[in-house]
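Asker: Number 165 in this note's numbering belongs to position 165 of the sequence shown; there are no gaps in the numbering. Virtual Cβ for every residue (Gly too), placed ideally from N, Cα, C. Here it is, the structure, as structure tokens.
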Amino acid sequence: MIENSRLMTDILIIGREGQLGWELQRAMAPWAQVRAVDQPEVNLALPDTYVRLLRQLPQGTVVVNAAAYTAVDRAETEPDMARRINAEAPGILAEECRRSGTLFIHYSTDFVFDGVKRKPYVEEDTPNPLNVYGRTKWAGEQAVCAVNGAHLIFRTAWLYGLRGTNFLLTVRRRATEGRPLRIVNDQVGCPTWARSLAEATVAVLQKLIMRNGASALLETRGLYHAACQGQTSWYGFAKAFLPSTVALQPIPTAEHPTAARRPPYSALDCSRLERDFGVQLPRWEEALRACLASESAPA
Ligand SMILES: NC(=O)c1ccc[n+]([C@@H]2O[C@H](COP(=O)([O-])OP(=O)(O)OC[C@H]3O[C@@H](n4cnc5c(N)ncnc54)[C@H](OP(=O)(O)O)[C@@H]3O)[C@@H](O)[C@H]2O)c1
């Protein structure tokens, strides 16, 4: 997906050690001048730590925020911390980017939706988050839009990869421990490999720059759904990566209570991304195969 040309731009990635941040670094490093930061150097709960950094960056550095408070259940008991990181920080980052005349790239979530709809959600659908995490992420989107500087917001879903904390790694670990595997089959969404999203982000940046040079970045404003194609349940996803010898039991959400309510349906329609940039993420099954194959490939 990534084309053979340098982006000729400086990029700051916030959230270097996260699933997406790590893949962004990997995807962007060959094509741009990348600096990647994480805590404690940058703490999104403490604006001084990142405002100072942003004001020292070379002119025109694109800022990519892959950091977030992503502990969906814990957010229910830490709403203030989730709000500072997911809602306030993106607005301050966007304002700093506007002041210095650069593009701000931010990520949001399918959990802004309530799951009442039974067709993939489009960008025009009205969010109605069911939990603190979703509310703070939606507030973050709104804060970025309110600044009205150059920005791109990618709403993604069900991120996984071979690093960090995610459903795939947790379920695989439990399978090797021989623990019972009862997996929810009435929540449906789009499992998305963090690498697919990182590569799509690079492809969008390349398209923008190829169209009009670096100045095109400053005219960019938009919200895009960006997830792997297709949809499945958590149970369907687990079945696709576990060996057939592992016994898996599908269960309803009611049998797996969690602190945060989750939308029963949150598939994303990503046709706006394809229409505006010609960028499509792969189908989730294909991305999963590539992810698992990458485990035995050299880094
Ligand atoms: N994971 C999903 O299923 C999912 C689904 C939809 C949307 N998204 C969105 O996609 C984006 C990337 O998610 P991800 O799964 O890659 O996240 P992740 O793996 O949980 O990584 C989050 C990153 O944010 C950093 N971080 C947390 N609190 C911070 C703070 N106060 N200051 C600075 N950095 C902080 C973490 O650093 P530490 O490790 O030091 O805490 C980590 O590097 C986020 O915007 C998320 O909301 C994720």
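1. What three-state label does DSSP hand Y224 in the structure shown?
2. State the beta-bridge partners of Y121 as determined by DSSP.
3. Assuming the contact rule is C-beta atoms closer than 8 Å, V34 and I14 should be a hit. Round their C-beta distance to whole Å, please.
4. For the segment 181-233, list the beta strand (DSSP E) runs that are entirely contained and at least 3 residues long, ordered along the chain.
5. I'd like the ranges of any beta strand (DSSP E) spanning at least 3 consecutive residues and lying wholly in the segment 92-150.
6. Contact defined as beta carbons within less than 8 Å: I believe E141 pairs with S108. What is the distance between those atoms, to the nearest angstrom?
7. May I ask you to list the residues that DSSP assigns as paired with P250?
8. Is it the case that the segment 19-28 contacts the segment 49-67, given that we only count it when at least three CB pairs across the two stretches are under 8 Å?
9. Which of the three DSSP states is assigned to R283 in this structure?
10. According to DSSP, which residues form a beta bridge with R155?
11. If you measure from the CB of L159, is any heavy atom of ligand 1 nearer than 7 Å?
12. Between R182 and chain C, is the shortest Cβ-Cβ distance under 8 Å, so that the two count as touching?
13. At the level of alpha carbons, what is the spacing between P250 and G115?
14. Does N4 pass the burial test, meaning 16 or more other C-beta atoms within 10 Å, or should it be called exposed?
15. Using CA atoms only, rank isn't needed, just tell me which of A267, T136, A36, C270 is closest to R74.
16. Compute the Euclidean distance between the alpha carbons of I11 and P129, then round it to the nearest angstrom.
17. If you reduce the DSSP assignment to three classes, tell me which class Q33 lands in.
18. Identify whether Y50 lies in helix, strand or coil by the three-state DSSP scheme.
19. Mark R173 as exposed unless 16 or more other C-beta atoms lie within 10 angstroms of its C-beta, in which case mark it buried.
20. Check whether the Cβ of Y107 lies closer than 7 Å to any heavy atom of ligand 1, and answer yes or no.
21. Taking C-alpha atoms, which residue in S233, L248, S244, A200 lies nearest to P282?
22. Compute the distance between the beta-carbons of A216 and L223, then report whether it is under 8 Å.
Answerer: Considering the structure as presented:
1. strand
2. L268
3. Not quite, the Cβ-Cβ distance comes to about 12 Å (not below 8 Å), so this is no contact.
4. Listed in chain order, the complete beta strand (DSSP E) runs (minimum 3 residues) inside the segment 181-233 are 182-184, 221-225.
5. Whole beta strand (DSSP E) segments, 3+ residues: 104-109.
6. Contact holds; Cβ gap of about 5 Å.
7. P250 is bridged by DSSP to I183.
8. yes
9. strand
10. S108, H225
11. Yes, the Cβ of L159 comes within 7 Å of a heavy atom of ligand 1.
12. As a matter of chain content, chain C is missing from the structure shown, which is built from one protein chain.
13. Going by the C-alpha atoms only, they are around 20 Å apart.
14. Unreliable placement is indicated for N4, whose pLDDT of 47 sits below 50; the coordinate value is still reported in the next sentence. The residue in question, N4, is exposed, as its Cβ has fewer than 16 Cβ neighbours within 10 Å.
15. It is T136.
16. 31 Å
17. strand
18. helix
19. exposed
20. yes
21. Ranking the options by Cα distance to P282, first place goes to A200.
22. Judged by beta-carbon spacing, L223 lies beyond the 8 Å limit of A216, meaning their Cβ atoms are not closer than that value.
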